[in-house]
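Note sheet for the following structure.
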Amino acid sequence: MNSILNLKIPVFKQGYIFLVCLFIIGLAQPAYCQTIDKELDIKDSLVKVNGYKLAASYYNKKLLKQPKNHVYLTMLGVIYLNAGEYPKAEKYLNEAILANNKQYFTYHCLGGLYFQINKYSKATEAINKSKALNPQFKKNYLLLGQIAIEKSEYDSCISIVNNALKIDSTYGKLFLIRAMAYDAKRLSFNAGSDFELATKYDSTNSVAWSKRAIHLFNNGQLKEGYKYGLKALQLSDSTYAEYWHFLGLAAQYNNKYEESIECFNRCIALEKNPMYFKLRSDTRYRQEDMDGACSDLSLAKDIYIAQKIQNQEFNEVMQQLASLCDSTKEAYYYQRGIAFYNLKKFQEAINVYKKGLKKFPNGGATYSFLGNAYMAIDSNEKAILNYNLSLAYKDNMLLEYQTNTQYASRGADTVNLIFKTSIAANYLYLAECHLKLNDASEALKQINTSIKEMPLGFEMDFTFLQYKFRAQIYAMRSEYSSANLDFSKAISINPYDQEVYVQRAYMKYCQANNLGGRKVYLGFSHQKIGSVQIPINETKLTDNTLLYSALKDCNTALENDSDYGWAYYLRGLIGRQLNKPDYCKDFLEAKRLGIELNEMEIRNCIR
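Counting in the numbering used here, the final residue of the sequence shown is number 710, and the numbers go up one at a time with none missing.
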């Protein structure tokens, strides 16, 4: 199953909880700031030793003597905010403002409180009051930028940060949230630049390093992403959700799915962030656990709705739910069939596809997938029947793609390309079925149609398969010039596929020995290649251009994959025929890698 992993980077509210309070020395209104700074030190010491209850008790006793002291009231608001007791925090912060409505820091704390409980309008109102009292307090801009991201107002976030950077052009957290906004807008270069600046100016911030790592992961730069992720881990600890977040992603990319799920379980235990449920659903999707993936998507949706968040991540969750988890739609059945197919449970896949076709008897997409399952178990006649039915109902296939939310969200042009590629794929698979049934003429007809139907500028890997497969058909028909042309086209598209070089080498071997057209490796589009019996020619040829060209192809194949047994085997055959003294090494290496050799082939190699 093709799973396009699309990871987004959220605003981690938990990390905000008024660490801002520790950084206000040197700002405007120095007397007030110095008082707050002193009280924050006292609060932190009390919390560190005895927790929030003692800190709250300390300031409640202070208030008995000075009930209108706005500093003590603010401190109680901060204490209860850190403890997650939001109603009490709101009460004391509002009382502090009633006692003194000229203190920007109290308004800032109240704005942070409303941000925590997703009351973004109230948060913005409080922050703007704080900003009016102290326009130089940069953390107000930081919080406004975070609010803008939560509301999916990415351009607004970028504008807010641009203004804040005029106050402090080295404030790393501002670069971090602007990077998140650029990332959401798919402006990868801008995001990457800002993530780099975030880690430069805030080098001890594990969140900045981990989000930079995630950005690199999403853009395919796995090595760099892993390096920066490790940096984040060095700065973090296992009680922080972001620590397990990165480990979960790393395990997912390394196909260690059980380990990945355990990491996301730990994330969820630490922080009920809907993104963690979405990431766990991605891992379960890769495991082909469709029901588990749907369960996690539903949990993510419920949290988004409860928190009244409707951002890009929420939209993606809703699209996946509609595409994968709605049993009233055709995709529900063929997605589960694909999962069974990928687990090589072909009969279970067939059963699910048939169940779907009872509900959607004109399901062009489902007929195509059913054909795949039949071909996987070598029921080629049934596969041909279903591929033809898929083509007969191609209009329904197009409608399915147009109404499937995950496809439709990518735009009409992309949907049309996906549809046309699906049609071309049906013809390719028809060609493969006919070739398996030894009808090379019909196979050639179908693959020509597949190439004709293939849209330009999309799925180059699939075009590679088309030319690679047609080259095999031409080789079987002893049409070596046409075969060479298609092999060259395939290699120009993908010069790193070891199999195509060995296929071309085998054709040259047959041509040099006048063996006529023969089958080589079949089933590349659905199954691993099986063994083939290559005819042995005992004639020694010490000077043959075709054989030396074939030998070169085998060498290139091994440069691409040094453990490709067929390349060693064929190189051994060619080497023996060319009187190469070390051909036995190739035979023995092929045998070590699982290629079955008969006694005649290795009789001179084993003493």
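Just so it is clear, CB atoms sit at the ideal spot from N, CA and C, and this is done for glycine as well.
task: Would you identify the three-state DSSP class for Ile128, choosing helix, strand or coil?
output: Any reading at Ile128 must be qualified, since the residue scores a pLDDT of 23, below 50, and its modelled position is unreliable; the value itself is stated next. Correct three-state label for Ile128: coil.
- prompt: Got a sec, what are the start and stop residues for the alpha helix (DSSP H) Tyr667 sits in?
  reply: Run containing Tyr667: none; DSSP gives neither H nor E here.
field: Distance, Lys225 Cα to Ala495 Cα
entry: 58 Å
message: Going by DSSP in three states, Lys234 sits in which element: helix, strand or coil?
response: helix
message: Which of the three DSSP states is assigned to Ile480 in this structure?
response: coil
query: What's the gap between the Cα of Arg679 and the Cα of Tyr604?
result: 19 Å
- prompt: How would you label Leu661, buried or exposed, when you count the other beta carbons within 10 angstroms and need 16 or more for buried?
  reply: buried
- prompt: When the distance is taken between beta carbons, is Gln413 closer than 8 Å to Gln509?
  reply: no
message: Distance check for Glu374 and Tyr343, CA to CA, integer angstroms please.
response: 9 Å
Range covered by the alpha helix (DSSP H) that runs through Glu188: Unbroken run through Glu188: none, as it is neither H nor E.
- prompt: Where Tyr257 and Ile371 are concerned, what is the direct C-alpha to C-alpha distance, given to the nearest angstrom?
  reply: 26 Å
Cβ pair count under 8 Å reaching 3, the stretch 650-657 against the stretch 574-588: no
- request: Would you kindly check if the distance between the Cβ of Ala546 and the Cβ of Ile576 is under 8 Å?
  value: yes
task: Taking only the alpha-carbon atoms, compute the straight-line gap between Gln415 and Ser309 and give it to the nearest angstrom.
output: 24 Å
query: Applying the criterion that 16 or more other CB atoms from any shown protein chain within 10 Å of the CB defines a buried residue, is Glu484 buried or exposed?
result: exposed
task: Hey, could you find the ends of the alpha helix (DSSP H) Gln410 is sitting in?
output: Where Gln410 is concerned, there is no enclosing alpha helix (DSSP H), given that its DSSP letter is neither H nor E.
task: Could you tell me the distance, in whole angstroms, from the CA atom of Asn491 to the CA atom of Lys303?
output: 59 Å
field: Contact belief for Ile280 with Ile250 at Cβ below 8 Å, rounded distance in angstroms
entry: Actually they do not touch by this definition, with Cβ atoms about 10 Å apart.
Nearest residue (CA-CA) to Asp429, options Tyr379, Met579, Thr506 and Lys359: Thr506
- request: Within its chain, find whatever has a CB closer than 7 Å to the CB of Glu730; leave out the 5 residues flanking it on each side and keep chain order.
  value: Residue 730 lies beyond the residue range present for the chain, which begins at 104 and ends at 710; the question has no answer from this structure.
Three-state secondary structure assigned by DSSP to Cys136: With a pLDDT of 45 at Cys136, under the threshold of 50, the modelled position of this residue cannot be trusted; read the value that follows with caution. If DSSP states are grouped into helix, strand and coil, Cys136 belongs with the helices.
Limits of the alpha helix (DSSP H) - the one that Asp297 falls within: Ser291 to Tyr304
message: I'd like to check one pair, Ala199 with Leu176: are the Cβ atoms closer than 8 Å?
response: yes
query: What is the DSSP secondary structure of Leu696, reduced to helix, strand or coil?
result: coil
query: Which of helix, strand or coil does DSSP assign to Gly514?
result: coil
query: CB-CB under 7 Å to Gln636, same chain, minus the five flanking residues each way: which ones, in chain order?
result: Residue placement at Gln636 cannot be trusted, given a pLDDT of 45 that sits under 50; what the coordinates show is reported in the next sentence. For Gln636, where only same-chain residues beyond five positions count, there are no Cβ hits under 7 Å.
field: For Gln410, the nearest candidate out of Tyr217, Tyr504 and Asn489 (CA to CA)
entry: Tyr217
Own chain partners of Cys708 with C-beta closer than 7 Å, once the 5 adjacent residues on each side are dropped: Cys687, Phe690 and Leu691
query: Which ranges would you report for the alpha helix (DSSP H) in the stretch 187-273 if only whole runs of at least 4 residues count?
result: 189-202, 207-219, 223-236, 241-253 and 257-267
- request: State the Cα-Cα distance for the pair Trp669 and Arg573, rounded to the nearest angstrom.
  value: 20 Å
message: If you reduce the DSSP assignment to three classes, tell me which class Arg607 lands in.
response: helix
- prompt: How would you write the range of the alpha helix (DSSP H) that Tyr599 sits in, first residue to last?
  reply: Counting along the chain, Tyr599 falls outside any alpha helix (DSSP H), and DSSP gives it neither H nor E.
task: Using 10 angstroms around the beta-carbon of Phe126, count the other beta-carbons present and answer buried if the total reaches 16, otherwise exposed.
output: Model confidence at Phe126 stands at a pLDDT of 29, short of 50, so the residue's coordinates are unreliable and nothing is read from them.
field: Three-state secondary structure assigned by DSSP to Asp685
entry: coil
- prompt: Under a three-way DSSP split, which group does Tyr343 fall into?
  reply: coil
- prompt: From Gly214 to Lys330, what distance separates their C-alpha atoms?
  reply: 36 Å
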